Structures are given as structure tokens and as C-alpha cells.
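Report on one structure; see the data block that follows.
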Amino acid sequence: MANPTLHWRMLAPVTVTDQTAAGFMQALYQMGTATTYADGTTRTPGTFASPGTASLPASLGTGSAWTWNYDSTTFATGGKTAIYGYAPTTTAINQAVIIGGTSNVTGAVWKQLSTDARSASYLYMGIAKNSGVYTSWNNATTPFTAGDFTGFGFISTPISTYNYVIMWECEEAVAVQFVTAATGVVNNAMAGAFVDPLSANTANAETDGRLYGVATSGGAANMATTWLGTGATASAPLFVNSASAGDMHCVTFTPGAGTTVATSRFGNFTPAVSFTSRNGDLPQIPIQVWNGTQYVGQLRQIFMTRDSITGNEWQVGAAPKGYLLSASPSTACDAVILTY
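Numbering (this note's numbering), first residue to last: 21 to 360.
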């Protein structure tokens, strides 16, 4: 049985002048607490009774709006060292996404994706399920008081190379993109219940019928304009897993367990910019993922489409139909559409 339809929205991109990990987390927190979307429509995030403290949200957001908080105490750096968000919809499984970044600290521990070693001036992302209250991202098991955690994977190369950030969200997942204005290079990450197992069998899905995971483009390379092609490590694609430290990763939780499974897109199909439907609409080609031997599921309201520029909105009349995510803010290239 298919999961409920998600409705992706884009927040207004933010230019970052403090090109540090703390500066970019401040920008993401600013986006996460915004009361409007990029198109000017109303956004209603939830709130924390005491922002900056370890607690559960006082209220959850409505529609597609996530609720974000921050940690300014870890390592006593004085700036935001982690931000974490809760989805606006909860099922039998409570999920939370965390983005963290800091300098190397003697004796620091954290849970890693594929032995990604901590490096200064990078950002990282991971997702928790059955999560409790946030405690510290500097933890060997989970940043929360309870539940399971994927571990952190790189979502940027050195953060000082980027100029602005884009964030998209839906009821059960969130995506971020870091953009370098001068060269048009980007890096990406996505986390949440973005994989639909298309099955309620307990071997295939969690008790709520979903799969939870994280996809990161890594810290070893910028995303190539051909990222939907062969899936080579050098192209830093989303939805492809590499076991090598620092590369792109994509994992989903094993249903009913705290372990993760390498999860990658299969099949290569990259429509050119001229590829449209007969009435000129953007094509929407479902993206399937597997674990290397077995089928895992289909991405939720994320479709391959014709070559496009990242951050653009697809409209029909005045109504948004979706948002484009690609590897360039200036050149049409391999793209997916996050549908509204």
C-alpha cells in the first residue's frame, strides 16, 4: 500500500555572509523558523517553549512546516553547533533530523556513516527514529535520549566555499542544498521518510508503513551536472551509497531495527531539456531504490525530470506544482522535481 502523498515546499534561499559551519546553521535555523515560503505563502512552524534548550517541541508545525531548534552549548563554541528538526506529522515512529558541524575537538565522539571522520568546517546530517529529547550531537550512539540514529554523513565540502543555502520540506522529509554562486557548484542532503516501500509487510516497512533514511552527497566532491547518470563517486549524487569514508551515502533503517541498509537508485535515465510531455509539461519519472540485491522502494513525490536549473518553481498558472533540484543554479542539467 502506498504511503500518503507528500507536498514539497521551498523556503526562500538565504545568502550567508558568515561562511562558517555556525553561520550556515544559523541560516538554516532562520529558514526553519520562517513564517512564509519562497512564493510568499504562509508557513506555520511549531515552537519550542525554550529555544536553544534540549526539549521536545511545545507545538508541531502544520502542513509541510518542520519545527527547528538549536544547540549552542556543545563544545562551548558560542555559536550554533547543531540544529535539529521535528516533522509536522508523526506516526507510530517519531522522527527527527539533525545537522551539525564543528571543528576537530580532542576526545570528541560521534556516530558516523561509513566511518566518515570528523573534519573542521564541514556540515553533516543524520536522522533518528523513535527519537526522544535532544541531548548532544557529540554522542557515540544517538543525539537523543532514546531511539535509533543513522550516524552522520558529510553534506558539504569545506563550508566556506558556499554563498547561499536552499531548503525544501514536506510533511515527512527535508532537503538542503549549499550553493557556490561564482562557480555554480552545489552539495545536497535529504532525510526523513522519503522512501515508500510500497508494501506494509514487516520485512519491508516499519510499523507505520514507511522507511526512514538519509542521503548525503558527501564531502569529497561537488555534485556533478550528470549526477543522475552512472552514479560514479566523483559525481557526488544523491540517492547513491558508497562505503568509502567521505563519499556520498544513502541508507535506510532496517524495518523494526536500529541497523541501516545501503540504499541506492537503480537504472539510469537522464532526459534532456527538450524532453516534455505532449502538452509541454515537465515529465515525472518515478525513482526506484534497492539494496544491491533486493528492491527497497520508490522515492516519495521525487521524480526525475528534464534538465533544469536548481531552485526554480514549476507553476501552472499561479499554482505551484513542484520545485526543481539540480546541480547548478545557472545551467540546465540533470534534475529531479519535488512535487507539491
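All C-beta atoms in this analysis are idealised placements derived from N, C-alpha and C, irrespective of residue type, glycine included.
Just so we're clear, the structure is a prediction, and the values are computed from it rather than from any experiment.
(request) Take the Cβ of Thr162 as the centre, count every other Cβ of all protein chains shown within 10 Å, and call the residue buried at 16 or more, exposed below. (result) On the sequence shown, residue 162 is found 142 positions in, with the first residue counted as 1. So Thr162 counts as buried.
(request) Tell whether a beta-carbon distance below 8 angstroms holds between Gly60 and Trp86. (result) Here residue 60 corresponds to residue number 40 of the sequence shown, with the count starting at 1. Here residue 86 corresponds to residue number 66 of the sequence shown, with the count starting at 1. No, these two residues do not count as a Cβ contact at 8 angstroms.
(request) Measure from the alpha carbon of Phe259 to the alpha carbon of each residue in Phe273, Ala244, Ala241, Val234, then state which is nearest. (result) One-based indexing of the sequence shown puts residue 259 at position 239. When each option's Cα is compared against that of Phe259, the closest is Val234.
(request) State the start and end residues of the unbroken beta strand (DSSP E) segment that holds Gly105. (result) Here residue 105 is taken as the residue at index 85 of the sequence shown, counted from 1. Here the beta strand (DSSP E) through Gly105 covers 102 to 106.
(request) Using three-state DSSP, classify Ser141 as helix, strand or coil. (result) Residue mapping note: residue 141 aligns to position 121 of the sequence shown, counting from 1. Note: Ser141 maps to coil in three-state DSSP.
(message) Per the DSSP calculation, Glu191 is bridged to which residue(s)?
(response) Looking up residue 191 in the sequence shown gives position 171. DSSP, once it has assigned bridges, lists no residue as partnering Glu191.
(message) If you measure between the beta carbons of Ala211 and Ile113, is that distance less than 8 angstroms?
(response) As a first step, residue 211 is located in the sequence shown; it is residue number 191 there, counting from the start. As a first step, residue 113 is located in the sequence shown; it is residue number 93 there, counting from the start. Against a cut-off of 8 angstroms, the Cβ pair of Ile113 and Ala211 comes out as no contact.
(request) Tell me, please, which residues DSSP counts as bridged to Ala346. (result) Indexing the sequence shown from 1 puts residue 346 at position 326. For the sequence presented, residue 346 should be read as Ser rather than Ala. Looking at the DSSP assignment, Ser346 forms a beta bridge with Ala355.
(request) Inspect the CB distances between the region 62 to 74 and the region 138 to 146 and report whether three or more fall short of 8 angstroms. (result) no
(request) Go through its chain and collect everything with a Cβ distance to Thr274's Cβ below 6 angstroms, but skip five positions before and after it. (result) In the sequence shown, counting from the first residue as 1, residue 274 sits at position 254. Excluding residues within five positions, the ones whose Cβ falls inside 6 angstroms are Val281.
(request) Give me the Cα-Cα distance between Ala193 and Ala213, rounded to the nearest whole angstrom. (result) For the purposes of this step, residue 193 is identified with residue 173 of the sequence shown, where counting begins at 1. For the purposes of this step, residue 213 is identified with residue 193 of the sequence shown, where counting begins at 1. Those two C-alpha atoms are separated by around 6 angstroms.
(message) Just to confirm the assignment, what range does the alpha helix (DSSP H) spanning Tyr49 have?
(response) Stepping through the sequence shown from its first residue, residue 49 is reached at position 29. That run of the alpha helix (DSSP H) goes 41 to 52.
(request) Check whether the region 286 to 295 touches the region 177 to 184, taking contact to mean three or more Cβ pairs, one atom from each stretch, closer than 8 angstroms. (result) no
(message) Using 8 angstroms for Cβ pairs, my map puts Ser416 next to Gly239. What's the rounded Cβ distance?
(response) Here the chain has residues from 21 to 360 only, and residue 416 is not among them.
(message) For a test of the three-state rule: what should DSSP assign to Ser79, helix, strand or coil?
(response) Within the sequence shown, residue 79 is the residue found at index 59, counting from 1. If DSSP states are grouped into helix, strand and coil, Ser79 belongs with the strands.
(request) For Phe95, name the three-state secondary structure that DSSP assigns. (result) The sequence position of residue 95 within the sequence shown is 75, counting from 1. With a pLDDT of only 41 at Phe95, under the threshold of 50, the placement of this residue in the model should not be trusted, and no figure is reported.
(message) If you reduce the DSSP assignment to three classes, tell me which class Thr87 lands in.
(response) On the sequence shown, residue 87 is found 67 positions in, with the first residue counted as 1. Thr87 falls in the strand class under three-state DSSP.
(request) State the DSSP-derived secondary structure class of Thr181, mapped to helix, strand or coil. (result) Within the sequence shown, numbered from 1, the residue matching residue 181 stands at position 161. Three-state DSSP puts Thr181 in a helix.
(request) Keeping to the same chain, check which residues put their C-beta closer than 8 angstroms to that of Gln318; ignore five residues upstream and five downstream. (result) Position 298 of the sequence shown, counted from the first residue, corresponds to residue 318. Correct list, in chain order: Val215, Asp216, Leu218, Pro306, Ile307, Gln308, Val309.
(message) Check this for me: beta carbons of Thr51 and Ile103, under 8 angstroms apart or not?
(response) Sequence index remark: in the sequence shown, residue 51 carries index 31 (1-based). Sequence index remark: in the sequence shown, residue 103 carries index 83 (1-based). Looking at the sequence provided, one finds Met at residue 51 rather than Thr. No, they are not a contact pair.
(request) Would you kindly check if the distance between the Cβ of Pro349 and the Cβ of Gly173 is under 8 angstroms? (result) Start at 1 with the first residue of the sequence shown, and residue 173 comes out as number 153. Start at 1 with the first residue of the sequence shown, and residue 349 comes out as number 329. The answer is no: Cβ separation not under 8 angstroms.
(message) On a Cα-Cα basis, can you pick out the residue from Pro77, Phe198, Val356 that is closest to Thr40?
(response) Taking the first residue of the sequence shown as position 1, residue 40 is located at position 20. Among Pro77, Phe198, Val356, the Cα nearest to that of Thr40 belongs to Phe198.
(request) Please list, in chain order, all residues of the same chain as Thr97 whose beta carbon is under 6 angstroms from its beta carbon, the five residues on each side excluded. (result) In the sequence shown, residue 97 corresponds to position 77, counting from 1. Reliability fails at Thr97, whose pLDDT of 48 lies under 50, so the model's placement of it is uncertain and no value is given.
(request) Have a look at the DSSP bridge pairing and note the partners of Leu231. (result) Numbered from 1 along the sequence shown, position 211 holds the residue referred to as residue 231. Paired residues: Val215.
(message) By DSSP's criteria, Met210 is part of a beta bridge. Which residues make up the other side?
(response) Walking along the sequence shown from the start, residue 210 turns up at place 190. Note: Met210 sits in a beta bridge opposite Ala195, Ala235.
(request) With a cut-off of 8 angstroms on the beta carbons, I'd call Arg320 and Leu26 a contact; round off their distance for me. (result) For this step, residue 320 is matched to residue 300 along the sequence shown. For this step, residue 26 is matched to residue 6 along the sequence shown. Indeed, because the Cβ distance is near 5 angstroms, the residues count as touching under 8 angstroms.
(message) Since Ile322 and Val271 should fall inside the 8 angstroms C-beta cutoff, what is the C-beta to C-beta distance between them, to a whole number of angstroms?
(response) To locate residue 322, count along the sequence shown from 1; it is residue 302. To locate residue 271, count along the sequence shown from 1; it is residue 251. In fact, because the Cβ distance is near 17 angstroms, the residues do not count as touching under 8 angstroms.
(message) Please return the same chain residues whose Cβ sits closer than 7 angstroms to the Cβ of Ser297, not counting the five positions on each side in sequence.
(response) For the purposes of this step, residue 297 is taken as residue 277 along the sequence shown, with counting starting at 1. Correct list, in chain order: Pro303.
(request) Could you check which residue in Asn23, Pro33, Ala22, Pro24 has the C-alpha nearest to that of Tyr343? (result) As a position in the sequence shown, residue 343 is number 323, starting the count at 1. It is Pro33.
(message) I'd like the list of long-range same chain contacts for Asp136, defined as Cβ closer than 7 angstroms, with 5 residues on each side in sequence excluded.
(response) Working through the sequence shown from its first residue, we reach residue 136 at position 116. Around Asp136: Phe172, Gly173, Phe174, Ala265, Gly266.
(request) Look at the alpha carbon of Phe95 and the alpha carbon of Val129, and state the distance between them as a whole number of angstroms. (result) What you label residue 95 is simply residue 75 of the sequence shown in a count that begins at 1. What you label residue 129 is simply residue 109 of the sequence shown in a count that begins at 1. Note that Phe95 scores a pLDDT of 41, beneath 50, so its modelled location is shaky and nothing firm can be said.
(message) For the beta strand (DSSP E) containing Phe273, name the first residue and the last one.
(response) Working through the sequence shown from its first residue, we reach residue 273 at position 253. Per DSSP, Phe273 belongs to the beta strand (DSSP E) from 269 to 273.
(message) Tell me the rounded alpha-carbon separation between Ala209 and Met243.
(response) Counted from its first residue, the sequence shown places residue 209 at position 189. Counted from its first residue, the sequence shown places residue 243 at position 223. Each residue's alpha carbon lies about 11 angstroms from the other.
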